[in-house]
Amino acid sequence: MLDHQDKYMMKAQCSNTTLRNHITHPHCEVIKAQKNQNPKAGQTSMARDGSVFRYDPNYLREQFAGLVIQRALPFNHFDHEQTTRVFQNTMQPRYTHVSRSTLKCDAMRLWLAAKQEIIDNFGNLNACVNLTTNVWSAPYGAPDSYMCVIAHWIEPGTWQIMKRVISFEEFSSPHMGHSFFKMLIEVLTNFNLEDKVMSITLDNVSNNTSAMNKLKLKYDPPMGGRFYYSRCVAHIINLVVQAGLGVLAIDAIGESFKTMLKDIFKSSARTRQRYVKIYKDAEKPCLRPNWDVPSRWNSTYHMFLSGLKQQNTLAYFHDLLANKN
Numbered sequence: 007m008l009d010h011q012d013k014y015m016m017k018a019q020c021s022n023t024t025l026r027n028h029i030t031h032p033h034c035e036v037i038k039a040q041k042n043q044n045p046k047a048g049q050t051s052m053a054r055d056g057s058v059f060r061y062d063p064n065y066l067r068e069q070f071a072g073l074v075i076q077r078a079l080p081f082n083h084f085d086h087e088q089t090t091r092v093f094q095n096t097m098q099p100r101y102t103h104v105s106r107s108t109l110k111c112d113a114m115r116l117w118l119a120a121k122q123e124i125i126d127n128f129g130n131l132n133a134c135v136n137l138t139t140n141v142w143s144a145p146y147g148a149p150d151s152y153m154c155v156i157a158h159w160i161e162p163g164t165w166q167i168m169k170r171v172i173s174f175e176e177f178s179s180p181h182m183g184h185s186f187f188k189m190l191i192e193v194l195t196n197f198n199l200e201d202k203v204m205s206i207t208l209d210n211v212s213n214n215t216s217a218m219n220k221l222k223l224k225y226d227p228p229m230g231g232r233f234y235y236s237r238c239v240a241h242i243i244n245l246v247v248q249a250g251l252g253v254l255a256i257d258a259i260g261e262s263f264k265t266m267l268k269d270i271f272k273s274s275a276r277t278r279q280r281y282v283k284i285y286k287d288a289e290k291p292c293l294r295p296n297w298d299v300p301s302r303w304n305s306t307y308h309m310f311l312s313g314l315k316q317q318n319t320l321a322y323f324h325d326l327l328a329n330k331n
């Protein structure tokens, strides 16, 4: 070996016996795993943290269940023969098929464990919790209604604002204050929150007021219950906006504008294609309208705003339709 023209030589006593002993005498964790593993399992590899990787099918199923929950995937996402073959041929020969029912059971087990962890945390929490809840009907003509309860609190040790969805259940009709009161009682009892709720944010409707008055009588909320019932600001703003939009002149403008949009975007497919072709000929992206929703206070504003961005094209195409008719 040459280094700056100086010669170095390895002496005879410096052999590789130590390396051979490391293999022949089982001191290496990787060699141990290779000798003990299934011959069909392939070569042992190192994990990302530098430790020896060992395949654990139970851990894999747990990760699959967490992925399905976090990404809102169907339970049959891995329930396919081709998926199983890909995993076996490229990553892990010992991989076994994970069926839809197995993945569902694993996901429910994870959910129950997470729920119990939240319950235990609330039981030991030395702080107040604020709840936000609402009841709404399912879209697309579904007959069911649902109730969601979200808990907000500040973790005493870290002073971080925490948020968890603690209940999402079907709400049976009729939507009366007594039914709402019973479901809130069940949520508070299940999560050890009877004496920890500072305020509950709800829509400003009479049924909610009736339920909250009953809750005040049952529990002794902090500060005499002055902040126990918080009216939702967004709901109040929406009521004000809808009342303003209900003025005859403003309502007529909105209805005429929505009628023009419906003539273009909710008529025949041929009419929509003709409108899109105008943008293609001008080499511009076609803008879709934002329809107003009564439950969202700013949706009408966004509808008019999207219309202003394409007012020239809308007026031109509307005149074409009028002249054709």
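When the count follows this note's numbering, it moves up by one through the sequence shown with no breaks and lands on 331 for the last residue.
C-beta: ideal position from N, C-alpha, C; glycine also.
Proximity winner among the options, relative to residue i (alpha-carbon distances)
i, options, result
"glutamate 192", "Gly231, Ala258, Glu175, Ile124", "Glu175"
"phenylalanine 128", "Thr24, Asp112, Glu68, Asp201", "Asp201"
"asparagine 196", "Leu79, Asp112, Ile124", "Ile124"
"leucine 327", "Arg302, Ser274, Trp297, Val299", "Ser274"
"methionine 189", "Gly163, Val141, Phe233, Thr164", "Val141"
"alanine 113", "Thr23, Asp126, Ala78, Thr139", "Ala78"
"asparagine 296", "Pro99, Leu66, Lys315, Tyr285", "Lys315"
"valine 247", "Arg91, Ser151, Trp303", "Trp303"
"valine 299", "Pro291, Leu293, His308", "His308"
"leucine 293", "Leu320, Phe59, Asp55, Leu199", "Leu320"
"arginine 232", "Ala258, Lys110, Leu221", "Leu221"
"leucine 109", "Arg100, Pro63, Ser143", "Pro63"
"proline 162", "Tyr152, Asn130, Met182, Asp150", "Asn130"
"tyrosine 281", "Gln317, Thr30, Arg100", "Gln317"
"threonine 265", "Leu223, Lys169, Phe310, Met182", "Phe310"
"cysteine 238", "Val211, Ala249, Phe263", "Val211"
Coil, strand or helix - residue i by DSSP
i, result
"alanine 47", "In this predicted model, alanine 47 has a pLDDT of only 47, less than 50, meaning its place in the structure is not dependable; the value taken from the coordinates is given anyway. It is helical."
"tryptophan 303", "coil"
"threonine 207", "strand"
"tryptophan 117", "helix"
"lysine 315", "helix"
"alanine 157", "strand"
"leucine 8", "Any reading at leucine 8 must be qualified, since the residue scores a pLDDT of 49, below 50, and its modelled position is unreliable; the value itself is stated next. DSSP places leucine 8 in strand when its eight states are reduced to three."
"serine 216", "helix"
"methionine 229", "helix"
"phenylalanine 174", "strand"
"asparagine 130", "helix"
"glutamine 151", "A small correction: the amino acid at residue 151 is serine; glutamine does not occupy that position in the sequence shown. Strand."
"tyrosine 235", "strand"
"alanine 328", "helix"
"methionine 168", "strand"
"asparagine 296", "coil"
"asparagine 95", "helix"
"threonine 24", "helix"
"asparagine 140", "strand"
Residue i versus residue j - alpha carbon distance
i, j, result
"leucine 194", "alanine 217", "14 angstroms"
"aspartate 209", "glutamine 122", "29 angstroms"
"serine 337", "leucine 25", "Any property of residue 337 remains undetermined from this structure, which presents the chain solely from 7 to 331."
"glutamate 68", "phenylalanine 81", "13 angstroms"
"alanine 47", "threonine 164", "Residue placement at alanine 47 is flagged as unreliable, the pLDDT there being 47, under the threshold of 50; a coordinate-derived value is accordingly withheld."
"serine 312", "asparagine 329", "25 angstroms"
"asparagine 95", "threonine 102", "12 angstroms"
"alanine 133", "serine 173", "20 angstroms"
"lysine 272", "aspartate 55", "56 angstroms"
"arginine 382", "lysine 286", "Residue 382 is absent from the model: the chain starts at 7 and stops at 331."
"leucine 199", "proline 227", "11 angstroms"
"histidine 241", "isoleucine 256", "21 angstroms"
"threonine 30", "arginine 100", "28 angstroms"
"threonine 215", "alanine 258", "34 angstroms"
"lysine 169", "histidine 158", "5 angstroms"
"asparagine 278", "lysine 290", "Strictly speaking, residue 278 in this sequence is arginine, with asparagine absent from that position. Rounded to whole angstroms, arginine 278 to lysine 290 spans 16 angstroms at the Cα level."
"leucine 223", "phenylalanine 263", "50 angstroms"
"threonine 306", "lysine 283", "27 angstroms"
"valine 58", "aspartate 126", "35 angstroms"
Cβ separation of residue i and residue j, assumed to be a contact under 8 angstroms, to the nearest whole Å
i, j, result
"asparagine 213", "phenylalanine 186", "6 angstroms"
"isoleucine 167", "isoleucine 156", "Between isoleucine 156 and isoleucine 167 the Cβ distance is about 12 angstroms, and since that is not below 8 angstroms, they are no contact."
"glycine 72", "leucine 116", "6 angstroms"
"leucine 267", "glycine 260", "Contact doesn't hold; Cβ gap of about 11 angstroms is too wide."
"threonine 89", "threonine 138", "Between threonine 138 and threonine 89 the Cβ distance is about 40 angstroms, and since that is not below 8 angstroms, they are no contact."
Distance CB(residue i)-CB(residue j) smaller than 9 angstroms
i, j, result
"tyrosine 225", "serine 205", "no"
"histidine 83", "valine 74", "yes"
"isoleucine 270", "histidine 324", "yes"
"cysteine 154", "valine 135", "no"
"serine 301", "asparagine 244", "yes"
"glutamine 98", "tyrosine 61", "yes"
"phenylalanine 70", "valine 104", "yes"
Interface flag, residue i vs chain C, CB-CB below 9 angstroms
i, result
"alanine 119", "Protein chains in the displayed structure number just one, and chain C is not present."
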